[in-house]
Ligand SMILES: Cc1cc2nc3c(=O)[nH]c(=O)nc-3n(C[C@H](O)[C@H](O)[C@H](O)COP(=O)(O)OP(=O)(O)OC[C@H]3O[C@@H](n4cnc5c(N)ncnc54)[C@H](O)[C@@H]3O)c2cc1C
Ligand SMILES: Cc1cc2nc3c(=O)[nH]c(=O)nc-3n(C[C@H](O)[C@H](O)[C@H](O)COP(=O)(O)OP(=O)(O)OC[C@H]3O[C@@H](n4cnc5c(N)ncnc54)[C@H](O)[C@@H]3O)c2cc1C
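Residue numbers (the working numbering), protein chains in the order written: chain A, 1 to 386; chain B, 1 to 394.
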């Protein structure tokens, strides 16, 4: 086993780390919070020019042929500066949807410009009633002429408020909960019949609530075969879960380091509060959890490219659940140890706290992943053979 | 030992329940039923409703506007208020400075302040903490120097909850600069709105609201007649007041409201063809929370019973504060989990979520403060270790 980064990966981390430190620190995010989109197209273009969107796509698809780990390393650094650009929405979800299921034409038309940073993408799958079940889908796509007509509502679509193209999951057959019958369509952000509302998130980001009122798309916008999208969706959302672990890890690392610094600086009773043993123990516990979260984030990043479905689901569920358990120790102690100042918006700790909580709730929360883990064939077998 | 209620007590409960039901103004009742967030004006409207009935300060002696109820009646009353999800009242006048003035104030002070606190005509806030004196309250630096009949105040308070609504602030200030820190502190009442030199600057919280403020004093002149208790005798009063504060912070009634809210959210949350309430794992989490709440309630009952026998509140207030504040936080953690994706929204996107869900994420953030304010839980544990367990210092 070897968990060391390659030389290329080290260079990547260093370049992204420098960008975060010099050009996208928390102050930039604070300003972005007050803008309509909450992210900046010029910065996105720059990321494209740096090649960051393409790291994990194959060379044939216009990428650099790296692995998911490369994307995770970028996201971890982004987490340290609360970088608001829609990397998970556009690269991990929308981009990978097209890379894994698209035709050559679709990749050229929709994926390539995103990799360059000229456009951005999104994936719309969640509905009001669906919670974390990807097969619970009421949005319908019916044949219409040579193409399709899509009707339904999607919620909490990351970058759904700003994306140029949105990959939408819809039923082409079957009932609300059927595993078969789901299809993916690439819908233009400006399509007639598409209403999008930008909704504020707890973390200061915006998401899109979409109403599709008979949106017409051509046959060339069906992504992959009709009716077989569930396993594609599962894979995409698992990878997004792994990506959320990576970004959370960056946030948690930053929260932890900032808290330790505060413990050394803040004085009460004539001494630094970090000299109180109870707070030293809390810091030690936080450190332990940061390290365990990091370990699980690495596991998820490695398993995001795993072809064995059960193995991928098992390990990513374990990681996603753990990043909540361990992360929570870090999050809540960070606020507690900052005292009153930790409850103010002007202190950065709260911003990291909120971002991590949102990432914990996306792509399956801890309850969902523990429950999924406990029902997987691998866990069943382990119970029988125990 | 006996936990049952007498027939009179049961009749009393019935009377209180019926009155609350008919007295609660319609808009407040709607919000209460939805477990929604109450604005300051709504708190005050409910305050005045209770005042007109004579029920706003059951814990005050009858002579100054209390109800003359015994501890059990007061407890029943509070239970019924939380059962109806009634707005919590601002504690600074009723639960903090009021009892203090009753205990230590001059006859003039009692006549001047108490009726207006009762009537809700004057709103109060608490000026204890300073930027460099939080947990170490005794190190406070707000300077009060005598000049004629006045004190002249210079310095700063911070985290002053609701200062932006307040007419009056009670402050701890420094009147003696040498000797033991605790022995140079004085307790003063200041008119926030009419004293030149007092300015209030609200802070944005992580909950997205302006709950607390910085309060600045620049040559603010406060009459010596506004001093409660002797000069340099404020520390005793500060501690007495914190005892009152901590018992309310345990929030036994609040937790009842929160648990109702969790159940409502879980019932309204669709999962597959049913609701989240049918998910055995989630039900078990609510059940476990109910049990924790019951333990807190029983501990609270015992404190009350002991108080009814005339014993002073002892270590219980610190224990109840620690446990109660943690349960309150857990309630909002569970609400967030119940809401799934909907928990990730913010209240300014209001109408898209049901009323009772709009404020959950905001409160989830703000309630991180329950383990910090009123003396952080670390400080409470230090108090227990030192004063109750008599463990030696480091
Ligand atoms: C099953 C078992 C097998 C063992 N086997 C061996 C062996 O093979 N060889 C051997 O040499 N020893 C062995 N030990 C001894 C073991 O290393 C000691 O028990 C251990 O170092 C703790 O010392 P103590 O028991 O004197 O507890 P103490 O040192 O008295 O500690 C009591 C408590 O106070 C805490 N404490 C002490 N100092 C501090 C501090 N500064 N800050 C915070 N907390 C503090 C401790 O964590 C502990 O909770 C064994 C012990 C056990 C229980
Ligand atoms: C929402 C909110 C409302 C408030 N409202 C009011 C108000 O109306 N009026 C008012 O006067 N104040 C108010 N406060 C202030 C509150 O009482 C203080 O925040 C609190 O006493 C902690 O002080 P601090 O913020 O300076 O934190 P610090 O004292 O700097 O503490 C930082 C951390 O160190 C820990 N710590 C400090 N000393 C020790 C020790 N000796 N041992 C172990 N741990 C220690 C603390 O527990 C905390 O975790 C409010 C605070 C909040 C958050």
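Built from N, CA and C at the ideal position, the CB exists for glycine as well. For clarity, every value in this text was computed on a predicted model and none was experimentally measured.
Does DSSP put residue i in a helix, a strand or coil?
i	result
residue 35 of chain A	coil
residue 324 of chain A	helix
residue 346 of chain B	coil
residue 390 of chain B	coil
residue 137 of chain A	coil
residue 191 of chain A	coil
residue 184 of chain B	helix
residue 184 of chain A	strand
residue 165 of chain A	strand
residue 319 of chain A	helix
residue 147 of chain B	strand
residue 211 of chain A	strand
residue 214 of chain B	strand
residue 48 of chain A	helix
residue 256 of chain A	helix
residue 177 of chain A	coil
residue 283 of chain B	helix
residue 248 of chain A	helix
residue 5 of chain B	coil
Considering only the alpha carbon of each residue, which of the options lies closest to residue i?
i	options	result
residue 139 of chain B	A/369, A/271, A/280, A/335	A/271
residue 4 of chain A	A/302, A/146, A/135, A/37	A/302
residue 154 of chain A	A/230, A/161, A/209	A/209
residue 305 of chain A	A/70, A/247, A/19, A/45	A/70
residue 84 of chain B	B/328, B/291, B/20	B/20
residue 244 of chain A	A/359, A/225, A/40, A/130	A/359
residue 222 of chain B	B/250, B/172, B/211	B/172
residue 362 of chain B	A/204, A/247, A/165	A/204
residue 225 of chain A	A/72, A/325, A/62, A/101	A/101
residue 152 of chain A	A/252, A/193, A/53, A/373	A/193
residue 85 of chain A	A/29, A/367, A/49	A/29
residue 134 of chain A	A/253, A/110, A/362	A/362
residue 118 of chain B	B/2, B/263, B/94	B/94
residue 39 of chain A	A/327, A/77, A/89, A/67	A/89
residue 164 of chain B	B/201, B/181, B/189	B/201
residue 288 of chain A	A/74, A/256, A/316, A/265	A/256
residue 260 of chain A	A/349, A/76, A/58	A/349
residue 197 of chain B	B/137, B/151, B/206	B/151
Hey, would you say residue i sits closer than 9 Å to residue j, going by beta carbons?
i	j	result
residue 357 of chain B	residue 377 of chain B	no
residue 223 of chain A	residue 92 of chain A	no
residue 238 of chain A	residue 312 of chain A	yes
residue 191 of chain A	residue 182 of chain A	no
residue 149 of chain A	residue 214 of chain A	yes
residue 395 of chain B	residue 46 of chain B	Since the first residue of chain B shown is 1 and the last is 394, residue 395 of chain B is not available in this structure.
residue 170 of chain B	residue 125 of chain B	yes
residue 166 of chain A	residue 174 of chain A	no
residue 344 of chain B	residue 201 of chain A	yes
residue 377 of chain A	residue 353 of chain A	no
residue 77 of chain B	residue 16 of chain B	yes
residue 155 of chain B	residue 130 of chain B	yes
residue 344 of chain A	residue 204 of chain B	yes
residue 207 of chain A	residue 217 of chain A	no
residue 250 of chain A	residue 372 of chain A	no
residue 279 of chain A	residue 299 of chain A	no
residue 241 of chain A	residue 338 of chain A	no
_By the 9 Å beta-carbon criterion, what residues does the region 371-383 of chain B contribute toward chain A?_
From the region 371-383 of chain B, only 371, 372, 373, 376, 377, 378, 381, 382 have a Cβ closer than 9 Å to chain A.
Along the region 30-44 of chain A, what residues have a CB closer than 8 Å to any CB found in chain B? Cβ contacts with chain B: none found.
Below 9 Å between beta carbons is the criterion; list the residues of the region 338-365 of chain B that meet it against any residue of chain A, in chain order.
Residues of the region 338-365 of chain B whose Cβ lies closer than 9 Å to any Cβ of chain A, in chain order: 339, 340, 341, 342, 343, 344, 345, 346, 347, 348, 349, 352, 361, 362, 364, 365.
What are the residues of the region 277-288 of chain A that lie near chain B, defined by any Cβ-Cβ distance shorter than 8 Å?
The residues in question are 277, 278, 279.
Inset, instruction - Could you please tell me which residues of the region 257-280 of chain B, in chain order, have their CB closer than 9 Å to any CB of chain A? - result: Taking 9 Å as the Cβ-Cβ cut-off, the region 257-280 of chain B approaches chain A at 269, 270, 271, 272, 273, 276, 279, given in chain order.
Exercise. Mind listing which residues of the region 330-342 of chain A have their C-beta closer than 8 Å to chain B's C-betas, in chain order?
Worked result: For the region 330-342 of chain A, which is checked against every Cβ of chain B, the residues closer than 8 Å are 332, 335, 336, 339, 340, 342.
Interface positions of the region 170-181 of chain A facing chain B (Cβ-Cβ less than 9 Å), listed along the chain | Cβ contacts with chain B come from 176, 177.
Listed from N- to C-terminal order along the chain, which residues in the region 106-137 of chain A have their beta-carbon within a distance smaller than 9 Å of any beta-carbon of chain B?
-> The region 106-137 of chain A vs chain B, Cβ under 9 Å: 126, 128, 129, 130, 131, 132, 133, 136.
(message) By the 9 Å beta-carbon criterion, what residues does the region 283-296 of chain B contribute toward chain A?
(response) For the region 283-296 of chain B, the set of residues with a beta-carbon nearer than 9 Å to any beta-carbon of chain A comprises 285, in chain order.
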